[in-house]
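Residues -18 to -1, 1 to 164 (mature numbering (1 follows the signal peptide of the UniProt record, and there is no 0)) make up the sequence shown, in order.
A short worksheet on the structure shown next.
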Amino acid sequence: MKILLTIILASFAPYYQTYNRSKTAAAASLATSWKYFLFPEQRARKCAEILRDRDYLFCQSFWNLLQLDSIKKGSHYIAPNVAVSKYFQVEPEPIEINSIIVPPPTGLRTMQSKQLVNIKLLSHEIREGMDKLSLQRADLEGSSKIVLAMSDQLLMRVHGGGFIATSSATHEVYLKPWALDL
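As structure tokens, this is what we get:
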């Protein structure tokens, strides 16, 4: 996955530079991007240059590639399926689990702190306790219906609100493999 992501990053940079100049130049930059697949040293140099020299607009354009319908459909072949992919909302109130108390999120403004908190649950397995979310068929990507015991591992990734990537869905390409590794 990491190699594929760096190939796409290195290939996108020349396209991004030429896109507004002419369609021919943009097409030519895409046509020569095969070198980043064949030559890892060139790919590494290009990625280092990108990370050193590009501004946030480039990063925004790169992450927003994942918003394109064709890329979303293709990502299902790259990223592993998870058993559960459930979007839900919770009230901004403290959550108590055994001896752990998770305080509610707070906003800068009073109104913001009263908003529902959006959560996307990705799990490679159906686990005990997930039944409280009233999972629907659409929430289940995999075919397994076996309910396993609660996991002692949890990975939380907080989406910052859309400055670079406009949707948390753009991050599922790497979050699904992480869910698989837990």
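We put the beta carbon where it would ideally sit given N, CA and C, even for glycine.
No experiment lies behind these values; they were computed from the predicted model shown.
Contact check for phenylalanine 40 against isoleucine 53 fails: the beta carbons are separated by 9 angstroms or more. Distances from the CA of tryptophan 16 to each of Thr(-1), Ile128, Pro(-5), Val66 were compared; the closest alpha carbon is that of Pro(-5). Proximity to leucine 12 across Phe(-7), Phe21, Leu115 peaks at Phe(-7), based on C-alpha coordinates. Each of Ser81, Pro86, Asp37 was checked against the Cα of glutamate 75, and the nearest Cα belongs to Pro86.
Under DSSP, phenylalanine 70 shares a beta bridge with Ile101.
Closest by C-alpha distance to glutamine 71, out of Gln97, Ala61, Leu130, Pro62, is Gln97. Between the beta-carbon of threonine -13 and that of cysteine 29 there is about 5 angstroms, and that keeps the pair under the 8 angstroms contact cut.
Valine 155 carries a helical assignment under DSSP once its states are collapsed to helix, strand and coil. DSSP places isoleucine 53 in the uninterrupted alpha helix (DSSP H) bounded by 51 to 60. In this structure tyrosine 69 touches lysine 102 by the C-beta definition: roughly 5 angstroms separates them, less than 8 angstroms. The alpha carbon of lysine -17 has as its nearest neighbour, out of Arg25, Thr14, Tyr(-3), the alpha carbon of Arg25.
Closest by C-alpha distance to asparagine 46, out of Pro159, Asp163, Leu164, Val155, is Val155.
Burial check for threonine 6: the Cβ neighbour count within 10 Å stays below 16, so the residue is exposed. The residues Arg109, Glu110, in chain order, have a CB closer than 8 angstroms to that of alanine 131 in the same chain once the five nearest residues on each side in sequence are set aside.
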